[in-house]
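Working notes for the structure below.
Number of protein chains: 2
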Amino acid sequence: MSYLKNNKILEELRPFFYPESIAVVGVSQDPTKLGSAMLRALRKFGFRGKIYPVGQRITELYGLPVFPSISAIPEKVDLVRIYISAQHVLNVVQECRDKAIPAVEIFTGGFKETGTEEGEKLEGALASMAGKGLRIIGPNSFGVYAPETGIPHLDYASYPQDSGNLGLIAQSGTISEDVCRLAQDYGFRFSKVVGYGNACDINETDLLKYLEADPLTNLIAVYMEGPKKGREFFEILQRLSRKKPVIIWKGGLTPEGARAAASHTASIAGNENIWNAVYQQTLAVRVDSLEELVDTITAFYHLAPIVDNRISVVCSGGGTSVAATDTCSREGLVIPKFGNELRQKIATLLPPIGTSIGNPIDVGTPYFPPAEILHEMLGYVASSGVVGSIVIDKVVVSAKLRKLLGYGEQMNWEDTQWLEEIPVQVAKDHGVSVVMILREGGDKTGDLSYETEKRRLRKYYQDNGVLVYPTIGRALRALGRVISYYRRKQALGE
Amino acid sequence: MSYLKNNKILEELRPFFYPESIAVVGVSQDPTKLGSAMLRALRKFGFRGKIYPVGQRITELYGLPVFPSISAIPEKVDLVRIYISAQHVLNVVQECRDKAIPAVEIFTGGFKETGTEEGEKLEGALASMAGKGLRIIGPNSFGVYAPETGIPHLDYASYPQDSGNLGLIAQSGTISEDVCRLAQDYGFRFSKVVGYGNACDINETDLLKYLEADPLTNLIAVYMEGPKKGREFFEILQRLSRKKPVIIWKGGLTPEGARAAASHTASIAGNENIWNAVYQQTLAVRVDSLEELVDTITAFYHLAPIVDNRISVVCSGGGTSVAATDTCSREGLVIPKFGNELRQKIATLLPPIGTSIGNPIDVGTPYFPPAEILHEMLGYVASSGVVGSIVIDKVVVSAKLRKLLGYGEQMNWEDTQWLEEIPVQVAKDHGVSVVMILREGGDKTGDLSYETEKRRLRKYYQDNGVLVYPTIGRALRALGRVISYYRRKQALGE
Numbered sequence: 016m017s018y019l020k021n022n023k024i025l026e027e028l029r030p031f032f033y034p035e036s037i038a039v040v041g042v043s044q045d046p047t048k049l050g051s052a053m054l055r056a057l058r059k060f061g062f063r064g065k066i067y068p069v070g071q072r073i074t075e076l077y078g079l080p081v082f083p084s085i086s087a088i089p090e091k092v093d094l095v096r097i098y099i100s101a102q103h104v105l106n107v108v109q110e111c112r113d114k115a116i117p118a119v120e121i122f123t124g125g126f127k128e129t130g131t132e133e134g135e136k137l138e139g140a141l142a143s144m145a146g147k148g149l150r151i152i153g154p155n156s157f158g159v160y161a162p163e164t165g166i167p168h169l170d171y172a173s174y175p176q177d178s179g180n181l182g183l184i185a186q187s188g189t190i191s192e193d194v195c196r197l198a199q200d201y202g203f204r205f206s207k208v209v210g211y212g213n214a215c216d217i218n219e220t221d222l223l224k225y226l227e228a229d230p231l232t233n234l235i236a237v238y239m240e241g242p243k244k245g246r247e248f249f250e251i252l253q254r255l256s257r258k259k260p261v262i263i264w265k266g267g268l269t270p271e272g273a274r275a276a277a278s279h280t281a282s283i284a285g286n287e288n289i290w291n292a293v294y295q296q297t298l299a300v301r302v303d304s305l306e307e308l309v310d311t312i313t314a315f316y317h318l319a320p321i322v323d324n325r326i327s328v329v330c331s332g333g334g335t336s337v338a339a340t341d342t343c344s345r346e347g348l349v350i351p352k353f354g355n356e357l358r359q360k361i362a363t364l365l366p367p368i369g370t371s372i373g374n375p376i377d378v379g380t381p382y383f384p385p386a387e388i389l390h391e392m393l394g395y396v397a398s399s400g401v402v403g404s405i406v407i408d409k410v411v412v413s414a415k416l417r418k419l420l421g422y423g424e425q426m427n428w429e430d431t432q433w434l435e436e437i438p439v440q441v442a443k444d445h446g447v448s449v450v451m452i453l454r455e456g457g458d459k460t461g462d463l464s465y466e467t468e469k470r471r472l473r474k475y476y477q478d479n480g481v482l483v484y485p486t487i488g489r490a491l492r493a494l495g496r497v498i499s500y501y502r503r504k505q506a507l508g509e
Numbered sequence: 016m017s018y019l020k021n022n023k024i025l026e027e028l029r030p031f032f033y034p035e036s037i038a039v040v041g042v043s044q045d046p047t048k049l050g051s052a053m054l055r056a057l058r059k060f061g062f063r064g065k066i067y068p069v070g071q072r073i074t075e076l077y078g079l080p081v082f083p084s085i086s087a088i089p090e091k092v093d094l095v096r097i098y099i100s101a102q103h104v105l106n107v108v109q110e111c112r113d114k115a116i117p118a119v120e121i122f123t124g125g126f127k128e129t130g131t132e133e134g135e136k137l138e139g140a141l142a143s144m145a146g147k148g149l150r151i152i153g154p155n156s157f158g159v160y161a162p163e164t165g166i167p168h169l170d171y172a173s174y175p176q177d178s179g180n181l182g183l184i185a186q187s188g189t190i191s192e193d194v195c196r197l198a199q200d201y202g203f204r205f206s207k208v209v210g211y212g213n214a215c216d217i218n219e220t221d222l223l224k225y226l227e228a229d230p231l232t233n234l235i236a237v238y239m240e241g242p243k244k245g246r247e248f249f250e251i252l253q254r255l256s257r258k259k260p261v262i263i264w265k266g267g268l269t270p271e272g273a274r275a276a277a278s279h280t281a282s283i284a285g286n287e288n289i290w291n292a293v294y295q296q297t298l299a300v301r302v303d304s305l306e307e308l309v310d311t312i313t314a315f316y317h318l319a320p321i322v323d324n325r326i327s328v329v330c331s332g333g334g335t336s337v338a339a340t341d342t343c344s345r346e347g348l349v350i351p352k353f354g355n356e357l358r359q360k361i362a363t364l365l366p367p368i369g370t371s372i373g374n375p376i377d378v379g380t381p382y383f384p385p386a387e388i389l390h391e392m393l394g395y396v397a398s399s400g401v402v403g404s405i406v407i408d409k410v411v412v413s414a415k416l417r418k419l420l421g422y423g424e425q426m427n428w429e430d431t432q433w434l435e436e437i438p439v440q441v442a443k444d445h446g447v448s449v450v451m452i453l454r455e456g457g458d459k460t461g462d463l464s465y466e467t468e469k470r471r472l473r474k475y476y477q478d479n480g481v482l483v484y485p486t487i488g489r490a491l492r493a494l495g496r497v498i499s500y501y502r503r504k505q506a507l508g509e
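Residue numbers (this note's numbering), protein chains in the order written: chain H, 16 to 509; chain B, 16 to 509.
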């Protein structure tokens, strides 16, 4: 732990992530006020430190004494979260300075992002109060979500309460919220999340340095609109992206998007050419939408480092094979043709007609290989040494799904349990990455049987190191980005 | 109906879609045999004509008499569906000729797609038997799904039994099956579907001519690997795409995909340059994946013709605004800045801080506008004349969803029902297109409350002319394709 103690940025930002006491400024009897909502969220989310509500017109809320001001709190406060209107924020921050409070988060908007002289002035004053022992996140920000300590975002519904290794920083609170909400579905968990808004003090460069040093973070995702200090940001990114994968979604890359970014976080967005250079000169992984961000996080989160770009696709139907091959080719992945020996082994397992044994393997349609056959076939491929990953699409591996698809009468029910375990076994036995496609849709209107079974399977695979995606296109794009990252890293000798 | 009577292709292919009697060749006691499965499917799907099972070793199946051969059937047969192995197919087709049966579908594989001399020869012989009153779909094909007549694909589970206006033809049976399975979720329905496989006789050109003439089809979707008659295909496509939108997913556009296509349907895939020219010189709409195909079908299916490419995005959160603006820009859509008058009207409705009134409209986050406010705001935008479509993302319009998101305490419960009706009302009152984003995910593990409510809402919107997508990226890409089609069509003076 001496490593942690000696690291300046870890020490300095520690109160944001590991506070022993939090003051919430802006609570009232009105449950719709954000301060009150935050108070409820902190308790429901299980924060175990002390909580000091601060408000003007009440003396008690949800069983806690309410203080009229920060200075009225008799004890030490590590972190203050502010939910009052902009014109009152400066006074509260001044009180925080006076009380030597090290960390302040400001949710409030109405600063530089308004584009008004008044807003600009307020933010300037705020920025000048930071430093000398006081650090500020915001204004116009969602602040920290740290499941380990029980600190929620502003919001908490459907956020995971358990921790993981993903550090997420987002200039937009709503986008960090989006990613957090999807974590349960995609099976990743967070070390620390920060919605950092206008970044009057703490900016993306500070946060990247923190996540670089944080031993609980080994994967970093970023949504940003414009870096505050371009040169410094680039340098830390260049260094950091060689140590831990850094996925960056840069909002405002189009001229129209850049204008929107200016009125959101007062960011100077930078044009696409500059950012193309950033992606080329660092190992940062480029994504351009929420879907791509979540898909790429998922792949990095669950996969071991992988440099082998050769894929086997195992699917049902010739069209599926052709489409998968096109997508692999577009994503820089290789579908090697299998040699004669491997082809002959596979040929012993599949019907001779309506199937394809080269690569992709088309098991035929509608054909539901019995467990024995599937296990043997995947084993041949996984142990062949000619591919690093196997992607399985439209080969139904759950007895219940087979039945729901109308093929119950063609099932061997002894396969029931074992069938779904095969992808997990193959990945473990042969050290290949296995990706399962569990497609969206399929239920009749008003029915949720298909969805229910898919979610059960998804959870089972996520818990056992098998990646799951709803479409093969999304899977291959995410896989392509992960492999490309580790290949570039290898090429640099890292 | 004289139009129908006089059209040669409608007459010629009529028995495939409107047969009064169907013979199924290849039934047996074994329920896993495809012929037996087809027999069950025909009955479960509600085909009301006569069904003649044909098989060797049984005399009755599922209560129907089984005939030993086609020639043994004493009555007139309109359509024969064949599910026996390749070497026996020719004899059965010869019997069909002898009995003057006009339509034969061959599911069986093992022909030209095998790449063997034997397969090539068999397919040549088959092709030479077509014509003079007998037309063939296949071999290596899924055949026809025509809900109007109660004719299923090979498969039937989760296929809609009601009809619609989408004609779908796919060289891959598995891909036509994929699209059919997603129809319930995306709210579109079919006039006719044909999986046409190797196309030894009836090919994409014939089928496009049929769908051109079919009065029940007003939208056409195609998955193909290679046209049999390039020049004729191009000419019909050029003409047809000006009358009815034709969405084409061309499989095998990459060199690797082209090789896969050759072993799937023995197609000569053609390179990407040729296809770029096809898309430029016709009004065919390009898609490159199953997801894009389904999304684009959905938009064409539900939207009236629309040439106005100006969009308003109404959302929650600055990051969402920036991302939406980037996507619009990339898809050729315009997000016009609102003029002063409109901005001032909107400003009267929203909090001054943490919102944006230009365009996108950011209603703030987390802020759940009451029904009155939302209705008035959307009304201002829809009646302004400066946009043709409104896309609503992350503005929760169902009381139940608001509650599930943890904002129940901030709800005005009188809004409950009316809230969700607002997008429908605005679309109807002002003649704009409204697109709702109902995002994926959000449930805690093991819970389906969020999914259940989303599906209810989705159905309600689809039934009432409001488009629904799971992500704004998918929505804008699909909308962009529809608008681009109608703008190109208008530019040609059509």
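In this text, a Cβ means the ideal position worked out from N, Cα and C, and glycines have one as well.
What does the Cβ neighbour count give for Leu105(B), buried or exposed, with the cut at 16 atoms within 10 Å? Classification for Leu105(B): exposed.
Can we say the region 467-474 of chain H touches the region 263-272 of chain H, given the rule of at least three CB pairs closer than 8 Å? At 8 Å Cβ cutoff, the stretches do not touch.
Tell me the start and end of each unbroken alpha helix (DSSP H) in the region 182-266 of chain H that is at least 4 residues and wholly inside, in chain order. Within the region 182-266 of chain H, the complete alpha helix (DSSP H) runs of at least 4 residues are 188-201, 219-228, 245-258.
Cβ-based neighbour list, Gly179(B), same chain, cut-off 7 Å, excluding 5 preceding and 5 following: Excluding sequence neighbours, Gly179(B) sits near Phe203, Arg204, Phe205, Ser206.
Are the region 38-57 of chain B and the region 153-171 of chain B in contact at 8 Å, needing three or more beta carbon pairs? Yes, they touch.
If distances are taken between C-alpha atoms only, which option among Phe32(B), Arg489(B), Val441(B), Asp193(B) comes closest to Lys409(H)? Looking at the Cα atoms, Asp193(B) is the closest of the given residues.
So for Phe515(H), helix, strand or coil by DSSP? Lying outside 16 to 509, the shown extent of chain H, residue 515(H) is not represented and no answer is given.
In the region 240-257 of chain B, which residues sit with their C-beta less than 8 Å from some C-beta in chain H, listed in chain order? The region 240-257 of chain B vs chain H, Cβ under 8 Å: Glu240.
Using a Cβ cut-off of 8 Å, pull out every chain B residue sitting near Val337(H), in sequence order please. The answer, in chain order, is Ser187, Glu240, Gly266, Gly267, Gly272, Ala275, Ala276, His279.
For the region 74-156 of chain H, which segments carrying the alpha helix (DSSP H) assignment without a break, of at least 4 residues, lie completely within its bounds, in sequence order? Annotation note: the region 74-156 of chain H contains the following uninterrupted alpha helix (DSSP H) runs of length 4 or greater, listed N- to C-terminal: 101-113, 132-144.
For Leu364(H), collect the residues of the same chain with a Cβ closer than 7 Å to its Cβ; drop the 5 residues on either side in sequence, then sort them by chain order. These residues qualify, in order along the chain: Ile388, Glu391, Met392.
Count the other CB atoms, across all protein chains shown, that sit within 10 Å of the CB of Pro34(H); report buried if there are 16 or more and exposed otherwise. That one is buried.
Cys195(H) touches chain B at which residues, Cβ-Cβ below 8 Å? From the beta-carbon of Cys195(H), no residue of chain B is found nearer than 8 Å; the closest lies around 11 Å away.
Would you give the residue range spanned by the alpha helix (DSSP H) that Leu482(H) belongs to? Premise fails: Leu482(H) lies in the beta strand (DSSP E), 482-484, not in any alpha helix (DSSP H).
Where Asp408(H) sits in the DSSP three-state scheme: Strand at Asp408(H).
Quick one: which chain B residues come within Cβ less than 8 Å of Ile190(H)? Per Cβ cutoff of 8 Å: Gly332, Gly334, Thr335, Ala338.
For chain B, check one thing: does any of its Cβ atoms lie closer than 8 Å to the Cβ of Met16(H)? Any reading at Met16(H) is ruled out, since the residue's pLDDT is 39, under 50, leaving its predicted position unreliable.
Neighbouring residues, chain H, relative to Pro375(B) (Cβ below 8 Å): Neighbours of Pro375(B) on chain H, chain order: Ala275.
Following the continuous alpha helix (DSSP H) through Ser448(H), name the residue where it begins and the one where it ends. Per DSSP, Ser448(H) lies in no alpha helix (DSSP H); the unbroken beta strand (DSSP E) holding it starts and ends at 448-452.
Using a cut-off of 9 Å between C-beta atoms, extract the partners of Ala510(H) located in chain B. Absent from the structure is residue 510(H), since the part of chain H shown begins at 16 and ends at 509.
Tell me which residues share the same chain as Val92(H) and place their Cβ nearer than 6 Å to its Cβ, disregarding the 5 neighbours each side in the sequence. If we look at Val92(H) and ignore the five residues flanking it on each side, its Cβ neighbours are Ser36, Ala38, Ile116.
Own chain, CB closer than 6 Å to Gly488(B), minus 5 neighbours either side, in chain order: Within the same chain, Thr342 come within 6 Å of Gly488(B) by CB-CB distance, once the 5 residues on both sides are set aside.
Below 8 Å between beta carbons is the criterion; list the residues of the region 340-353 of chain H that meet it against any residue of chain B, in chain order. So the list reads Thr340, Asp341, Thr342, Cys343, Ser344, Arg345, Ile350, given in the order they occur along the chain.
Would Asn355(H) be called buried (16 or more neighbouring beta carbons within 10 Å of its own) or exposed? Asn355(H) should be labelled exposed.
Output yes or no for whether 8 Å exceeds the beta carbon distance between Val261(B) and Ile289(B). Cβ atoms of Val261(B) and Ile289(B): not closer than 8 Å.
In terms of residues, what are the limits of the alpha helix (DSSP H) holding Ser51(H)? Ser51(H) -> alpha helix (DSSP H) spans 49-59.
Are Val15(H) and Arg96(H) close, meaning C-beta to C-beta below 8 Å? Given a span of 16 to 509 for chain H in the structure shown, any question on residue 15(H) remains unanswerable.
Under 7 Å Cβ-Cβ, which residues of chain B neighbour Thr363(H)? What Thr363(H) touches in chain B: nothing, since even the nearest Cβ is about 17 Å away.
Rounded straight-line distance, which links the Cα of Gly241(H) to that of Lys259(H): A direct Cα-Cα distance of roughly 21 Å separates Lys259(H) from Gly241(H).
For Asp377(B), count neighbouring Cβ atoms within 10 angstroms of its own Cβ and tell me buried if that reaches 16, exposed if not. Label assigned to Asp377(B): buried.
To the nearest angstrom, report how far apart Leu141(B) and Ala414(H) are at their CA atoms. Spanning the two alpha carbons is a distance of roughly 38 Å.
Under three-state DSSP, which class holds Gly369(B)? Note: Gly369(B) maps to coil in three-state DSSP.
I'd like to check one pair, Ala145(H) with Cys215(H): are the Cβ atoms closer than 8 Å? In this structure, Ala145(H) lies closer than 8 Å to Cys215(H) by Cβ.
Mind checking which residues open and close the beta strand (DSSP E) that includes Gly158(B)? Run containing Gly158(B): 158-160, per the beta strand (DSSP E) assignment.
Residues that DSSP places opposite Lys352(B) in a beta bridge: DSSP, once it has assigned bridges, lists no residue as partnering Lys352(B).
Please report how far the alpha carbon of Ala185(B) lies from the alpha carbon of Gly158(B), in whole angstroms. Cα-Cα distance, rounded: 10 Å.
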